[in-house]
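Structure record follows, encoded as structure tokens.
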Amino acid sequence: MKYFDKIAKVYDSWYTTKTGSYVDKTEKELILSLLKIKKGFSLDLGCGTGNYTLELHKKGFEVIGLDSSKEMLKVARKKVPKILFINGNAYFLPFKDQVFNLVVSITMFEFIKEPTKVMKEIYRVLKPGGEVLIGTMNGRSLWFLFKRIKSLFVETAYRYARFYTPKELKNLCQKAGFKNIETRGIIFFPSFFPFTQLAFKLDRKLNRIFKNFGAFVVVRAEK
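Using UniProt numbering, read the sequence shown as starting at 1 and increasing by one per residue.
Given below as structure tokens:
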């Protein structure tokens with residue numbers, strides 16, 4: 001999307017805010033806790049500025065980042081110069097069959113028109129026993145409502161986004177042939193909520209109680 005080329009240089013600035021820092025940390029904790037594969041060859045699909053590419057690299061994975069935005073990749077290459085970043089299309093992944101042990105895709109599926117096609121490509125490039133983790137904004141959360149309303153007045157990425165429910169993500173995985181599918185959701189307060197220390201603690205408690213709700217939903221599945 002051209003929109004991501006426009007915002008590439010300032011994209012990471014949100015992570016320096018109090019809310020952004022908390023959300024980023026909490027989402028990464030969830031992603032890493034769901035990983036059963038601890039090493040191997042991984043693909044960060046829709047890597048953007050390399051936020052999760054860097055995290056996977058730190059955890060010892062050999063990783064490749066792929067994104068359709070050239071400007072976002074410029075930022076990613078400066079952030080993680082040792083990693084291979086590819087400007088590519090998620091519908092036609094430029095890899096042979098059964099190459100990766102792990103595919104991670106965070107907040108990319110909201111912006112693709114043919115998710116079933118992408119899921120089949122992910123399945124194709126994964127080795128038998130490999131796993132996929134997909135993280136998206138939850139279509140039934142307060143965050144979704146706030147982001148959708150805000151996008152009517154201010155141009156944001158979410159103006160063009162499709163938000164998924166846990167059930168929809170499960171269905172996508174099942175149709176592609178994946179098994180052992182599980183979902184988790186986190187982050188309950190919308191972004192305009194005053195994120196005090198008390199709010200952080202309450203949000204974490206809600207995360208433990210309501211595991212399939214929250215603004216950010218993750219599906220994990222195995223080939």
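Glycine included, C-beta positions come from ideal geometry on N, C-alpha and C.
Remember, predicted model here, so these are calculated numbers, not experimental data.
- Contact between Gly88 and Ser69 does not hold, since their C-beta atoms are separated by about 11 Å, which reaches or exceeds 8 Å.
- For Arg184, the closest of Leu84, Glu168, Lys175 and Gly177 by C-alpha to C-alpha distance is Glu168.
- Assigned with DSSP and collapsed to three states, Arg184 falls in strand.
- Between the beta-carbon of Asn101 and that of Gly40 there is about 3 Å, and that keeps the pair under the 8 Å contact cut.
- Going by C-alpha positions, Trp14 is about 10 Å away from Asp24.
- A Cβ-Cβ contact shorter than 7 Å links Pro115 with Leu172.
- Counting along the chain, the unbroken beta strand (DSSP E) around Ala221 starts and ends at Phe216 to Glu222.
- Phe216 counts as buried, since no fewer than 16 other beta carbons sit within 10 angstroms of its beta carbon.
- For Leu56 against Ser42, the beta-carbon gap comes to about 5 Å, under 8 Å, which counts as contact.
- Per the coordinates, the alpha-carbon of Lys2 lies some 15 Å from the alpha-carbon of Lys113.
- Boundaries of the alpha helix (DSSP H) harbouring Ile31: Lys18 to Leu34, taken from the DSSP string.
- Counting only the Cα atoms, Asn180 lies some 22 Å from Phe61.
- Only residues of its own chain outside the window of five on either side were considered, and among them Asp67, Phe85 and Asn87 have a CB closer than 7 Å to the CB of Leu73, listed in chain order.
- Counting every other CB atom within 10 Å of its CB across the protein chains shown gives Ser21 a total below 16, marking it as exposed.
- Take Val99, set aside five residues on each side of it, and the residues of its chain with a beta-carbon closer than 6 Å to its own are Val125, in chain order.
- Under the DSSP assignment, Leu56 falls in the alpha helix (DSSP H) whose first and last residues are Asn51 to Lys58.
- Where Met137 is concerned, the enclosing beta strand (DSSP E) starts and stops at Leu126 to Met137.
- Out of Phe178, Gln174, Lys96 and Tyr164, the CA that lies nearest to the CA of Met108 is found in Tyr164.
- Here the C-alpha atom of Val132 lies approximately 20 Å from the C-alpha atom of Ile83.
- Note on geometry: alpha-carbon atoms of Ile31 and Val75 lie some 23 Å from one another.
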